[in-house]
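Take the sequence shown: its letter number 18 is residue 275 in the numbering used here, and every next letter is one higher. Worksheet: the structure to be examined is printed underneath.
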Amino acid sequence: MLKDSQWQALAAVYPTLETLPAGTTLFEPGTPCPGLAWLAAGSNRVSKLSESGRKLLLYRVYPGDTCVVTTGCSA
Numbered sequence: 258m259l260k261d262s263q264w265q266a267l268a269a270v271y272p273t274l275e276t277l278p279a280g281t282t283l284f285e286p287g288t289p290c291p292g293l294a295w296l297a298a299g300s301n302r303v304s305k306l307s308e309s310g311r312k313l314l315l316y317r318v319y320p321g322d323t324c325v326v327t328t329g330c331s332a
């Protein structure tokens, strides 16, 4: 988990902070990625639809973590 000073350093580089309601989809395959995402509170599920249409949970993101899917995104 990141310390307050580390969050402040990140906020200086990535100044956008959003509070999203539970269940919000951040982006989907084929849509633009909003940029590098760091989670400050709560948790996020990263999932993918299988060819049969079944939702597969890939991993969860927790406070202090970043979503590896967004590391290749540009804001």
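For every residue, glycine included, the Cβ atom is placed at its ideal position computed from N, Cα and C. Note that the structure is predicted; figures quoted are calculated from it, not measured.
Which residues share a DSSP beta bridge with Thr316? If you number the sequence shown from 1, residue 316 lands on position 59. With the sequence shown as reference, residue 316 is identified as Tyr, and Thr is not the correct amino acid for it. Tyr316 pairs with Val303.
Exposure label - Val325; buried when at least 16 CB within 10 Å: Here residue 325 refers to the residue found at position 68 when the sequence shown is read from its first residue. It is exposed - the Cβ of Val325 has fewer than 16 other Cβ atoms within 10 Å.
Only counting the same chain, and skipping five residues up and downstream in sequence, which positions put a Cβ closer than 8 Å to that of Gly299? Within the sequence shown, numbered from 1, the residue matching residue 299 stands at position 42. Ala279, Pro320, listed in sequence order.
Could you tell me how far apart the beta carbons of Leu296 and Asp322 are, in whole angstroms, since I believe they sit closer than 8 Å? Along the sequence shown, read from residue 1 onward, the residue named residue 296 stands at position 39. Along the sequence shown, read from residue 1 onward, the residue named residue 322 stands at position 65. Leu296 to Asp322, Cβ: 6 Å. Contact.
Which of helix, strand or coil does DSSP assign to Thr323? If you number the sequence shown from 1, residue 323 lands on position 66. DSSP places Thr323 in strand when its eight states are reduced to three.
For Leu315 and Lys305, which I take to be in contact (beta-carbon distance under 8 Å), what is that distance rounded to the nearest angstrom? One-based indexing of the sequence shown puts residue 315 at position 58. One-based indexing of the sequence shown puts residue 305 at position 48. Indeed, because the Cβ distance is near 6 Å, the residues count as touching under 8 Å.
Spell out the partners DSSP gives Trp295 in its beta bridges. For the purposes of this step, residue 295 is taken as residue 38 along the sequence shown, with counting starting at 1. Answer is Thr323, bridged to Trp295.
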